[in-house]
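Residue numbers (our numbering), protein chains in the order written: chain Y, 1 to 338; chain U, 339 to 676.
See below for the structure under consideration.
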């Protein structure tokens with residue numbers, strides 16, 4: 001099969017690799033209908049995360065089950081499935097508490113920018129759609145695998161809901177889908193922090209009521225202006241830098257909630273400021289598996305169109321160009337067709 | 339009147355000062371029945387917080403109202419009252435959300451180790467007891483002013499409750515009262531982290547089911563051993579140092595809650611570790627005013643005895659010895675009688 005391998009920062013190649021195969025009786029092998037490039041894939045691509053040796057890439061996936069191991073009960077060959085970027089048994093104490101992304105058997109997926117991918121703990125990781133999807137639904141279903149699930153978790157962790165003002169730091173795909181999620185949760189007002197016209201447009205389409213173009217301290221001041229000087233009730237952080245984390249915390253009122261899902265890189269939070277902020281801080285890798293049944297249902301009933309964050313579709317063979325387009329901000333998010 | 343003044347680290351004096359007086363129509367003046375020394379008072383005493391010029395001390399107080407301003411409606415002269423260390427109007431949006439310690443009109447009390455103290459926003463800060471208390475209730479009521487209210491908030495922020503295992507980092511008065519609070523909230527199991535026999539004894543009396551004497555990484559490992567390898571559901575942090583914060587975060591299971599109330603000094607939280615911990619972090623100055631009616635009720639009905647944390651009672655004239663005793667860990671907490 002063909003699969004994506006990173007050799008060094010900036011060096012992405014599609015290569016012939018051994019076919020994905022079952023290695024445990026709880027595994028499944030999925031033939032990808034679609035896969036995509038994540039904002040977090042840019043960390044090694046940009047050399048911010050080290051690349052010590054060539055390794056496969058990709059953790060977002062939707063497709064048809066081709067093989068299942070002997071212990072797989074719920075997932076069947078031929079099912080169209082969506083899975084989380086983090087595998088889970090969905091039965092341990094942590095999973096049952098709704099934190100499948102911290103399952104005691106968790107593995108992070110990392111081979112999905114390919115034709116086939118192996119999924120450990122298939123029953124606990126994958127969710128089958130009600131039938132074979134219409135082709136136009138595939139991008140939306142793929143989005144549920146990570147970027148929608150992560151935006152949803154951020155909104156949930158930030159306790160977006162009726163009567164609450166939500167501010168969103170980061171206008172990448174996760175931030176945009178955080179807006180969609182907050183809207184679905186009934187948030188009263190959603191402030192998108194964005195300075196890119198195309199992303200602002202999608203933000204408004206997804207439910208943003210206000211756009212703030214300022215960043216850093218000026219952005220914080222603008223959010224405070226819009227919220228009676230107090231700050232937002234809920235702030236979604238979807239970047240993962242020192243600046244974005246501080247912008248999120250400072251934009252939140254005392255007693256408010258920060259939901260942070262940008263993978264932290266070089267972030268160090270000052271304890272005293274955090275203490276006196278009186279905010280709630282929650283985030284990390286999203287328990288996408290928890291939300292998948294609900295998200296798939298919303299997509300299946302055509303109530304949400306999260307796949308709109310894909311603004312460039314390429315054949316898998318052009319994966320290197322996909323990374324380049326995202327790195328250069330020519331694309332918000334790239335869908336790859338194997 | 340006589341009041342306590344810090345002149346420099348280690349230099350505490352009781353001095354004759356002008357009588358506390360009304361300065362705004364929403365003020366009250368309270369004659370202290372009792373006041374005490376807070377663990378946080380040791381920060382300047384030890385020179386960890388700078389002391390640029392002499393300043394009065396004390397923010398925990400219970401006593402009888404001697405004067406009220408023209409706009410004070412609910413609190414009457416002659417009432418026995420307990421107030422929070424942070425003043426609040428109790429009407430602003432932040433107060434109504436239960437975060438009175440971040441009230442838009444907040445001031446931190448700081449003159450209460452004295453015979454008289456002025457309390458701003460008396461109606462929003464003070465709570466009157468149902469009548470004049472029996473003398474043996476006074477230490478318990480005084481504890482509600484900060485140390486119990488803060489322990490209660492920590493347990494609340496950590497979501498202590500039925501079915502939850504709570505670990506408590508810090509065996510000072512706040513940590514001990516965090517144990518009492520978690521017990522009152524119905525926690526299933528309470529792990530006290532303490533290496534002092536007298537504090538362990540009080541911890542058990544307040545409801546601790548397990549004692550862990552190890553600290554740092556060994557303490558974390560021990561909490562994990564006691565919780566099936568997962569960590570506690572709820573962890574109370576009641577110290578405020580880098581070590582205690584990291585011990586608290588690492589003792590918490592993914593999806594669990596850290597309630598941190600130790601005033602952070604020199605703490606810097608590593609973003610990546612926090613991200614992958616999947617914990618909830620909430621804390622800061624406790625909204626004691628929110629809890630006071632309930633806490634006073636529990637004390638009045640003699641259901642809790644938080645004043646047991648006072649293991650040394652001195653006349654106010656010996657305040658300097660009180661600081662010394664706490665600094666040298668000869669006392670957990672010192673009650674002062676004006």
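Note that CB positions come from ideal geometry on N, CA and C, so glycine has one too.
Owing to the predicted nature of the structure, the values given are computational and were not obtained by experimental measurement.
Contact annotation for residue 281 of chain Y against chain U: 612, 618, 619 and 620 [CB-CB distance below 8 angstroms, chain order]. Residue 254 of chain Y has its alpha-carbon roughly 32 angstroms from the corresponding atom of residue 661 of chain U.
Scanning its chain for C-beta atoms nearer than 8 angstroms, with the 5 sequence neighbours on each side dropped, one finds around residue 355 of chain U the residues 339, 340, 341, 343, 394 and 452, in chain order.
Chain U has no Cβ within less than 9 angstroms of the Cβ of residue 325 of chain Y.
Under DSSP, residue 350 of chain U takes part in a beta bridge, and its partners are U:344. Residue range 210 to 212 is occupied by the beta strand (DSSP E) that includes residue 210 of chain Y. At least one beta carbon of chain Y lies nearer than 9 angstroms to the beta carbon of residue 442 of chain U.
The DSSP-derived three-state label of residue 263 of chain Y is coil. Relative to the Cα of residue 646 of chain U, the nearest Cα in the group U:654, U:361, U:672 and U:601 belongs to U:672. Residues 368, 369, 370 and 371 of the same chain have their beta carbon placed closer than 6 angstroms to that of residue 401 of chain U, with the five preceding and five following residues left out of the count. The continuous stretches of beta strand (DSSP E) do not include residue 301 of chain Y, and DSSP gives it neither H nor E. Per DSSP, residue 444 of chain U lies in no beta strand (DSSP E) and is assigned neither H nor E. Looking at the backbone, the Cα of residue 655 of chain U and that of residue 486 of chain U are separated by about 25 angstroms. According to the DSSP assignment, residue 236 of chain Y belongs to the beta strand (DSSP E) that extends over 232 to 237. Residue 45 of chain Y: not part of any beta strand (DSSP E); member of the alpha helix (DSSP H) spanning 42 to 45, first to last residue. DSSP places residue 386 of chain U in no alpha helix (DSSP H); its state is neither H nor E. At a C-beta separation below 8 angstroms, residue 285 of chain Y has these neighbours in chain U: 613, 614 and 616. Collapsing the DSSP output to three states places residue 77 of chain Y in coil. Residue pairing by DSSP puts residue 650 of chain U in a beta bridge opposite U:672.
One finds 268, 269, 270 and 271 in chain Y with Cβ atoms closer than 8 angstroms to the Cβ of residue 606 of chain U, taken in chain order.
Counting along the chain, the unbroken alpha helix (DSSP H) around residue 95 of chain Y starts and ends at 93 to 96. Contact between the region 238 to 254 of chain Y and the region 562 to 575 of chain U is not established, with fewer than three Cβ pairs separated by less than 8 angstroms. For a cut-off of 8 angstroms, the C-beta gap from residue 268 of chain Y to residue 604 of chain U is around 12 angstroms, too long to register as a contact. With a cut-off of 8 angstroms on Cβ pairs, the region 206 to 224 of chain Y is not in contact with the region 128 to 139 of chain Y, counting fewer than three such pairs.
Rounded to the nearest angstrom, the gap between the Cα atoms of residue 631 of chain U and residue 235 of chain Y is 32 angstroms.
Chain order gives the chain U residues near residue 264 of chain Y as 608, 609, 610, 611, 612, 613 and 614, where near means a beta carbon separation below 9 angstroms.
Between residue 624 of chain U and residue 484 of chain U, the C-beta gap is smaller than 9 angstroms, which places the two residues in contact. Going by DSSP, residue 404 of chain U is part of the beta strand (DSSP E) stretching over 399 to 406.
Under the three-state reduction of DSSP, residue 294 of chain Y is assigned to helix. Around the beta carbon of residue 415 of chain U, fewer than 16 other beta carbons lie within 10 angstroms, which makes this residue exposed. In this model, residue 638 of chain U and residue 460 of chain U are separated by some 21 angstroms (Cα to Cα). Using a 10 angstroms sphere on the CB of residue 616 of chain U, the tally of other CB atoms reaches 16 or more, which defines it as buried. Within the same chain, and ignoring the five residues on either side of residue 85 of chain Y in sequence, the residues whose Cβ sits closer than 7 angstroms to its Cβ are 59, 60, 108, 109, 145, 146 and 288. Inclusion of residue 42 of chain Y and residue 311 of chain Y in the CB contact set at 9 angstroms is not warranted, their separation being larger than that value. Between the beta-carbon of residue 519 of chain U and that of residue 493 of chain U there is about 4 angstroms, and that keeps the pair under the 8 angstroms contact cut.
Taking 9 angstroms as the upper bound on Cβ-Cβ separation, chain U lies near residues 228, 229 and 230 of the region 199 to 232 of chain Y.
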